[in-house]
Amino acid sequence: MFTSSFNPLCAPPDFVRSSLMALTLSTIPQELQIEILSNLDALSLSCCMSTCRSINETIWSSSHLIYIIQLHLDGLKDIETSSLGCAGRLNQLLLRRHAWGSTSPKLCAKLISLPDCVTYDLIDGVFASTDGFTLEMASLPTGTEELGTVTEMKLAGLLIWGLTLDPSQDVLVFLEDGASALPHSGPRKILVHIRSMSTHEIHPLASLSPFELYIHSDHVQVRTNIPFNIFLHLADNLLVLRFNIESRERDLPARVIMWDWTTSEVILDSAAATDPVLAALDCHNLGLLDSKSFFVTSPLNSGAIHLYRLVRPSNGESPCVPVHRAALQLPPLISTAKPFRIFTKSGPIQAHAPFNSPFVTNDEDRIHVFKPVYNSSQRTFPLSFNMFIPQRVFTKYMSLGSLENQGGPALNIPWKQWGPLNTCIIHPPGIFQLDKQCRYIRGQRIAFTGPGFEWDLEERKTCSSKLVVMLDFSIVGVLSARRTLPSSLSPMNHPGKLIPLCTIKASEVPLFEDDVEGALPCVYSVWDPEANVTTDNKCLIHPDGVINLLEVAKQGYVYIYSFAVSD
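Residue numbers (UniProt numbering): 1 to 567.
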């Protein structure tokens with residue numbers, strides 16, 4: 001039960017307002033208390049529980065009120081169309097929480113895959129892969145379901161370069177090489193196909209399929225005839241396609257194209273961008289917040305994260321245009337140092353809730369990963385570190401930029417104003433590598449394989465490169481690690497440990513003007529999978545508390561080791 005000291009969400013102004021409300025409500029019957037309290041958010045309910053014993057008892061007597069609070073602790077939001085009652089939804093939530101706390105491999109499935117896998121993706125538990133000529137899709141195991149039926153899509157005469165999907169929209173997107181013969185010179189034609197996952201036909205909402213575009217021939221590798229670092233990202237009706245370039249002879253920028261696949265409106269083409277930040281895009285430095293906003297990292301000066309909002313002109317007929325709302329500055333550097341590149345990675349964005357799920361990840365709590373890489377005349381090798389930032393930080397400054405600078409310049413926010421309290425920093429970054437082909441980020445949780453953390457070696461006594469590591473930024477994870485959450489609401493048997501506060505000292509690292517630190521709490525869990533799991537596995541996260549280790553064998557098989565709730 002919550003005590004007067006348990007108040008993880010309450011800020012001082014909210015505390016005062018909620019205290020007055022709690023004292024007022026304490027004089028009326030409990031049924032009316034519950035009806036009134038059901039209109040409050042998790043923050044206000046938490047504050048009320050901390051200030052009045054009778055209101056605390058009232059909230060604990062209502063599964064609906066407890067459900068509101070527990071959703072927030074897990075970074076989720078309710079799906080109002082769910083047929084489950086409040087008690088059933090709360091039970092589902094606690095089962096999901098327990099699944100994330102388990103470390104026992106429950107299922108091991110062998111998925112017959114393609115011998116020469118070009119690319120693969122995982123969204124909402126559906127795994128898709130291609131060898132360039134055939135697409136395969138299968139639902140991965142969950143805590144209650146076995147491996148789903150493998151469906152195959154033969155694409156006669158097509159050469160596939162990349163793919164992405166969104167099961168909540170029944171949409172599959174893949175790229176076809178439009179070149180008719182090899183070798184090919186000059187602009188390279190690419191066809192973007194938008195299909196239905198269930199029927200394999202053109203998606204009924206697609207305005208145009210295939211969508212035709214051209215990229216420079218230098219974006220394509222001569223040896224493999226495949227583009228460099230191709231990447232697709234889907235957010236509702238917004239589709240983003242990125243091509244990088246690795247040419248020593250020509251200094252060409254990457255190509256980033258953003259369009260609405262339901263109307264075929266091109267929203268952004270970096271090849272024609274007039275905004276200096278957008279014109280300098282590369283393959284690794286753009287991330288989507290939702291279908292109406294995105295951010296771009298820039299290595300200019302000390303580096304910054306630029307926030308953009310897609311706004312439709314007042315005439316209502318022209319396509320949306322990106323409007324610069326704010327620039328969040330990274331830690332200031334000394335004169336001899338400069339950013340080389342700022343990588344970024346985030347999890348998938350789904351248009352709708354997963355099938356039969358009573359809740360979905362709250363976009364405000366999604367974690368974005370950044371990896372600034374710096375060069376310095378005082379260092380032989382580049383230096384980098386990992387930054388983990390929740391999306392609510394970007395949403396806040398996006399809104400401030402919209403209110404305070406309508407038609408004016410974007411807000412410029414110094415690092416010390418926004419960064420230290422909203423960022424988790426891990427240095428050195430070797431334990432965690434950004435991998436564009438894996439879905440290892442899911443909402444507030446990140447899973448990957450590696451040796452674990454240096455500060456944990458003494459306790460673990462071993463340093464295995466095949467350990468599974470999970471980072472948890474949810475409130476419930478932090479409270480469980482601090483042992484301040486009731487046992488009935490904690491993860492079952494693996495509460496995790498808090499990552500020590502990391503400070504990059506300016507006196508030890510000749511890059512920054514001042515010490516750099518981040519106070520955002522994070523919990524880590526480390527465990528050793530089964531002995532037959534090899535060291536080069538990829539982590540794929542399913543929303544229902546499942547971490548899938550993927551191993552592509554030489555025979556063309558894909559092995560899936562699922563960590564789910566134990567029996």
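Cβ coordinates follow ideal geometry from the N, Cα and C atoms, glycine included.
- Query: Just reading off the beta strand (DSSP E) that Val-509 is part of, what are its end residues?
  - Reply: Unbroken run through Val-509: none, as it is neither H nor E.
- Query: When we look at the beta-carbon of Asp-567 and count the other beta-carbons within 10 Å, is it buried (16 or more) or exposed?
  - Reply: Low confidence applies to Asp-567: its pLDDT is 33, below 50, so where it sits in the model is not reliable enough to give any reading.
- According to DSSP, is residue 592 helix, strand or coil? Lying outside 1 to 567, the shown extent of the chain, residue 592 is not represented and no answer is given.
- Message: Which of the three DSSP states is assigned to Thr-262 in this structure?
- Response: Of the three classes helix, strand and coil, the one that applies to Thr-262 here is coil, per DSSP.
- Item | DSSP-derived helix/strand/coil call for Asp-74 | If DSSP states are grouped into helix, strand and coil, Asp-74 belongs with coil.
- Check whether the Cβ atoms of Val-523 and Leu-485 sit closer than 8 Å, and answer yes or no. Judged by beta-carbon spacing, Leu-485 lies beyond the 8 Å limit of Val-523, meaning their Cβ atoms are not closer than that value.
- Message: Taking the alpha carbon of Asn-375 as the reference point, which residue from Ala-337, Trp-259, Pro-210 and Cys-424 has its own alpha carbon closest?
- Response: A check of alpha carbon separations from Asn-375 across Ala-337, Trp-259, Pro-210 and Cys-424 identifies Ala-337 as the nearest.
- Message: Can you tell me whether Asp-41 is buried or exposed? The criterion is at least 16 other CB atoms within 10 Å of its CB, across all chains shown.
- Response: Burial check for Asp-41: the Cβ neighbour count within 10 Å stays below 16, so the residue is exposed.
- Query: With 16 as the cutoff for other CB atoms within 10 Å, does Ile-28 come out buried or exposed?
  - Reply: Answer is exposed; the Cβ neighbour count stays below 16.
- Leu-93, DSSP secondary structure in three states: DSSP places Leu-93 in helix when its eight states are reduced to three.
- Terminal residues of the continuous beta strand (DSSP E) containing Gly-162? 160–166 is the extent of the beta strand (DSSP E) around Gly-162.
- Assumed close pair Val-192, Ile-160 - CB separation to whole angstroms, cut-off 8 Å: Contact doesn't hold; Cβ gap of about 11 Å is too wide.
- Task: Quick one: grab the DSSP three-state call for residue 573.
- Result: Residue 573 is absent from the model: the chain starts at 1 and stops at 567.
- By Cβ distance below 8 Å, which residues in the same chain neighbour Ala-531 in space, the five residues on each side in sequence not counted? Confidence in Ala-531 is poor, its pLDDT being 49 and thus under 50, which makes the residue's placement unreliable; the coordinate value appears in the next sentence. The answer is none, since no qualifying residue turns up.
- Message: Whole angstroms are fine: how far does the CA of Ser-264 sit from the CA of Arg-312?
- Response: For Arg-312 and Ser-264, the distance between alpha carbons rounds to 15 Å.
- Task: Going by CA-CA distance only, name the one from Ser-474, Asn-315, Lys-292 and Trp-415 that's closest to Thr-395.
- Result: Of Ser-474, Asn-315, Lys-292 and Trp-415, the residue nearest in Cα terms is Lys-292.
- Contacting residues, own chain, Cβ-Cβ under 8 Å from Ser-198 (five flanking each side not counted): Sequence-distant partners of Ser-198 (beyond 5 residues in either direction) whose C-beta falls short of 8 Å from its own C-beta, in its chain, are Asp-170.
- Grab me the residues of Phe-127's own chain with a C-beta within less than 6 Å of its C-beta, minus the 5 sequence neighbours each way, in chain order. If we look at Phe-127 and ignore the five residues flanking it on each side, its Cβ neighbours are Ala-138 and Leu-140.
- So, Leu-511 versus Ile-305, is the Cβ gap smaller than 8 Å? Contact: no.
- Task: Go ahead and pull the three-state DSSP assignment for Ala-235.
- Result: When DSSP states are grouped into helix, strand and coil, Ala-235 belongs to the strand group.
- Query: Between Leu-300 and Leu-278, what straight-line distance do the alpha-carbon atoms span, to the nearest angstrom?
  - Reply: The alpha-carbon atoms of Leu-300 and Leu-278 are separated by roughly 12 Å.
- From which residue to which residue does the beta strand (DSSP E) around Ile-425 run? Annotation: the continuous beta strand (DSSP E) that includes Ile-425 extends over 424–426.
- Chain-order list of residues whose beta-carbon lies under 8 Å from that of Leu-288 (same chain, five-residue window excluded): Only His-233, Ala-235, Leu-238, Val-240, Phe-294, Ser-346 and Ile-349 meet the Cβ criterion.
- Item | Alpha-carbon to alpha-carbon, Phe-388 and Leu-421 | Cα to Cα, Leu-421 sits roughly 11 Å from Phe-388.
- Query: So is Pro-214 buried or exposed if we call it buried at 16+ other beta carbons inside 10 Å?
  - Reply: It should be noted that the sequence gives Tyr, not Pro, for residue 214. So Tyr-214 ends up on the exposed side.
- Using the beta-carbon count (16 or more within 10 Å), is Glu-176 buried or exposed? Flag for Glu-176 reads buried.
- Message: Need the endpoints of the alpha helix (DSSP H) that Gln-33 sits in, please.
- Response: Element bounds for Gln-33: 30–37.
- Message: Using C-beta distances below 6 Å, list every residue in its chain close to Asp-116, excluding the 5 sequence neighbours before and after it, in chain order.
- Response: Apart from the 5 residues on each side of it in sequence, Asp-116 sits with its Cβ closer than 6 Å to the Cβ of Asp-131 in its chain, given in chain order.
- Query: By the 10 Å Cβ neighbour count, where 16 or more other Cβ atoms means buried, how is Ser-474 classified, buried or exposed?
  - Reply: Looking at its Cβ environment, which holds 16 or more other Cβ atoms inside 10 Å, Ser-474 is buried.
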